[in-house]
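Residue numbers (this note's numbering): 999 to 1099.
Glycine residues also receive a C-beta, built at the ideal position from the N, C-alpha and C atoms.
For clarity, every value in this text was computed on a predicted model and none was experimentally measured.
Structure record follows, encoded as structure tokens.
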């Protein structure tokens, strides 16, 4: 399940949705209008390697700790904390408007 999440769900669904939503908000346009979705995917394509490195460097160790060391009652708070840290990293790196590369 972790491998599916990290190597299928995140690159095929999470990041494209993130970039399209971000581009839609920044351009104040619907994704299917004015090339918004294409600009978003172009930005994603330029950042995919760096984004996946960041994502894997946080979530793979987090999952190993979660399923290997955490007691059952602490797993949800642990994952929430790891997700919060990742959200901070993603916001710091991709929060500002950027030009397509």
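Neighbourhood of residue 1080 by C-beta, 6 Å cutoff - its chain only, sequence neighbours within 5 removed: Counting only residues of its own chain and dropping the five nearest sequence neighbours on each side, residue 1080 has a CB closer than 6 Å to the CB of 1060.
Check this for me: beta carbons of residue 1087 and residue 1052, under 8 Å apart or not? Yes; because the gap between Cβ atoms is below 8 Å, this pair is in contact.
Taking all protein chains shown into account, do 16 or more other C-beta atoms lie within 10 angstroms of the C-beta of residue 1031, making it buried, or fewer, making it exposed? With fewer than 16 neighbouring CB atoms inside 10 Å of its own CB, residue 1031 falls in the exposed class.
Let's see if you can read the secondary structure: which residues bound the alpha helix (DSSP H) around residue 1055? Following the DSSP letters along the chain, one finds residue 1055 inside the alpha helix (DSSP H) bounded by residues 1034 to 1066.
Three-state secondary structure assigned by DSSP to residue 1093: Correct three-state label for residue 1093: coil.
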